[in-house]
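Residue numbers (our numbering): 1 to 326.
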């Protein structure tokens, strides 16, 4: 079974690619929800999954600690496989404001959503329009603010080009990058900035850092990446050339990538789930709806096929990196 994945991007310290098994790492919440569907009337479902707030908070939203209530200017755009979109404010998902948690559901009526992808669930909504299914992308954006526009109410605007008072050159360039990207919405723009250098001797390495950071951008999203923000394995590997990633993944995973054999595909699914569950046999069995003994048997087969020992941290890291390189 192929696992659906969503891209977590935007103003985040740790952008990520998340599958349903990886979403099981956060505390799980249940919600019995009733909502009106335009095509089938009132629907009743039981959803389970982590809070959207927990997942995004763990990714490190770029709140400005020096700006009071800065989190309230952040917006969250959610996109599904069916082309539907929803935009939420940070206050809608933050437990300091929201009465009920917004979920990234990993199951519906106890049926896992591994292949379809997670579903956005807003228990307080009477209409199901924002219950985006098969989520492919979540983008966090702090580049908007409300400003008077001379007419009734306010206008939602991008910030003006930064002033000299901004804390860093990377931050100022990031604002300009957003403006340029908005002028050519059909073109994906990737850029990178290097860490500041103390003297001329550091200049030769700066372009290499910037190029590496530029390759870190999500394929379908315009983004300026600061090399100093690459603080996770996902982010580090994203800057490695695609052909190098493919070669590494093929070498480490080997027979597990044979797509024409369903038993092998089940092993790959088990490996990803086992690592996403931090090597917990019980949680892996629960996520895959298998007996623990079956998980043990599959992991033993994975170890024989790959020559890796999943009780060793270094081998787990090799296999996890190979999965990210696919």
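We put the beta carbon where it would ideally sit given N, CA and C, even for glycine. Please read these numbers as outputs of a predicted model, since none were measured by experiment.
Roughly how many angstroms separate the alpha carbons of residue 279 and residue 258, rounded to a whole number?
Numbered from 1 along the chain shown, position 279 holds the residue referred to as residue 279. Numbered from 1 along the chain shown, position 258 holds the residue referred to as residue 258. So the two alpha carbons sit approximately 24 Å from each other.
Our contact map puts residue 324 next to residue 237 with C-beta atoms below 8 Å; I'd like the distance itself, whole angstroms only. In the chain shown, the residue the question calls residue 324 occupies position 324. In the chain shown, the residue the question calls residue 237 occupies position 237. Contact holds; Cβ gap of about 5 Å.
Item to check | Neighbourhood of residue 203 by C-beta, 7 Å cutoff - its chain only, sequence neighbours within 5 removed | outcome: As a working mapping, residue 203 is identified with position 203 in the chain shown. Cβ neighbours of residue 203 beyond the five flanking positions: 197.
_Going by beta-carbon coordinates alone, are residue 283 and residue 24 separated by less than 8 Å?_
In the chain shown, counting from the first residue as 1, residue 283 sits at position 283. In the chain shown, counting from the first residue as 1, residue 24 sits at position 24. Result yes, Cβ atoms of residue 283 and residue 24 sit closer than 8 Å.
Span of the beta strand (DSSP E) holding residue 35?
-> Indexing the chain shown from 1 puts residue 35 at position 35. Taken as a continuous stretch (DSSP letters only), the beta strand (DSSP E) holding residue 35 covers 29 to 37.
Neighbourhood of residue 241 by C-beta distance below 8 Å, restricted to the same chain and skipping five residues each side | Along the chain shown, one-based indexing puts residue 241 at 241. Taken in chain order, the residues that qualify are 215.
Check: Residues in its own chain within less than 6 Å of residue 79 by CB, not counting five upstream and five downstream?
Finding: Looking up residue 79 in the chain shown gives position 79. 85, 136 and 137.
In the DSSP output, which residue or residues are listed as bridge partners for residue 127? Locating residue 127 in the chain shown gives position 127, counting from the first residue. Paired residue(s): 36.
- Inspect the CB distances between the stretch 33 to 52 and the stretch 106 to 118 and report whether three or more fall short of 8 Å. yes
Classification of residue 191 by the beta-carbon crowding that lies within 10 angstroms, buried from 16 upward: Taking the first residue of the chain shown as 1, we reach residue 191 at position 191. Answer is buried; the Cβ neighbour count reaches 16.
| Taking C-beta to C-beta, are residue 35 and residue 125 nearer than 8 Å? | Stepping through the chain shown from its first residue, residue 35 is reached at position 35. Stepping through the chain shown from its first residue, residue 125 is reached at position 125. Cβ distance < 8 Å, so residue 35 and residue 125 count as in contact.
Of the residues 129, 193, 101 and 68, which one's Cα is nearest the Cα of residue 43? By 1-based counting over the chain shown, the position of residue 43 is 43. Of the candidates 129, 193, 101 and 68, the one whose C-alpha sits nearest the C-alpha of residue 43 is 129.
Going by C-alpha distance, which of 141, 321, 65 and 96 is nearest residue 248? The count along the chain shown starts at 1 and reaches residue 248 at position 248. For the residues 141, 321, 65 and 96, the minimum Cα distance to residue 248 belongs to 321.
* Asked: Buried or exposed: residue 88, going by 16 or more other Cβ atoms within 10 Å of its Cβ?
  -> Numbered from its first residue, the chain shown carries residue 88 at position 88. Residue 88 comes out buried.
Which residues mark the beginning and the end of the alpha helix (DSSP H) in which residue 318 is found? Taking the chain shown and counting its residues from 1, the one referred to as residue 318 is at position 318. Start and end: 313 to 324.
Check: Are the beta-carbon atoms belonging to residue 276 and residue 22 less than 8 Å from one another?
Finding: Numbered from its first residue, the chain shown carries residue 276 at position 276. Numbered from its first residue, the chain shown carries residue 22 at position 22. Cβ atoms of residue 276 and residue 22: closer than 8 Å.
In chain order, what residues of the same chain lie with their CB nearer than 8 Å to the CB of residue 72, ignoring the 5 residues before and after it? The residue labelled residue 72 in the question sits at position 72 within the chain shown. Cβ neighbours of residue 72 beyond the five flanking positions: 89, 90 and 91.
**Prompt:** Using the beta-carbon count (16 or more within 10 Å), is residue 19 buried or exposed?
**Reply:** Numbered from 1 along the chain shown, position 19 holds the residue referred to as residue 19. Answer is buried; the Cβ neighbour count reaches 16.
(request) Could you spell out the range, first to last residue, of the beta strand (DSSP E) harbouring residue 296? (result) As a position in the chain shown, residue 296 is number 296, starting the count at 1. Here residue 296 belongs to no beta strand (DSSP E); instead the alpha helix (DSSP H) covers 292 to 306.
Assuming contact is defined by CB atoms lying nearer than 8 Å, are residue 122 and residue 140 in contact in what I supplied? Here residue 122 is taken as the residue at index 122 of the chain shown, counted from 1. Here residue 140 is taken as the residue at index 140 of the chain shown, counted from 1. No.
- request: Output the distance between the C-alpha atoms of residue 37 and residue 82, rounded to the nearest integer angstrom.
  value: As a first step, residue 37 is located in the chain shown; it is residue number 37 there, counting from the start. As a first step, residue 82 is located in the chain shown; it is residue number 82 there, counting from the start. Taking the straight line joining both Cα atoms gives about 15 Å.
Inset, instruction - Note the first and the last residue of the continuous alpha helix (DSSP H) segment covering residue 332. - result: No answer is possible for residue 332: the residues shown for the chain start at 1 and end at 326.
Could you tell me which residues DSSP puts in a beta bridge with residue 224? As a first step, residue 224 must be located in the chain shown, where it is residue number 224. According to DSSP, residue 224 bridges with 191.
Checklist entry - When DSSP labels each residue in this structure, what does residue 103 get in the three-state scheme? => result Along the chain shown, one-based indexing puts residue 103 at 103. Three-state result, residue 103: strand.
Item to check | Cα-Cα separation between residue 316 and residue 40, rounded to whole angstroms | outcome: For this step, residue 316 is matched to residue 316 along the chain shown. For this step, residue 40 is matched to residue 40 along the chain shown. Rounded to the nearest angstrom, the two C-alpha atoms are 46 Å apart.
**Message:** Would residue 301 and residue 267 be called neighbours here (beta carbons separated by less than 8 Å)?
**Reply:** Within the chain shown, the letter at position 301 stands for residue 301. Within the chain shown, the letter at position 267 stands for residue 267. Against a cut-off of 8 Å, the Cβ pair of residue 267 and residue 301 comes out as a contact.
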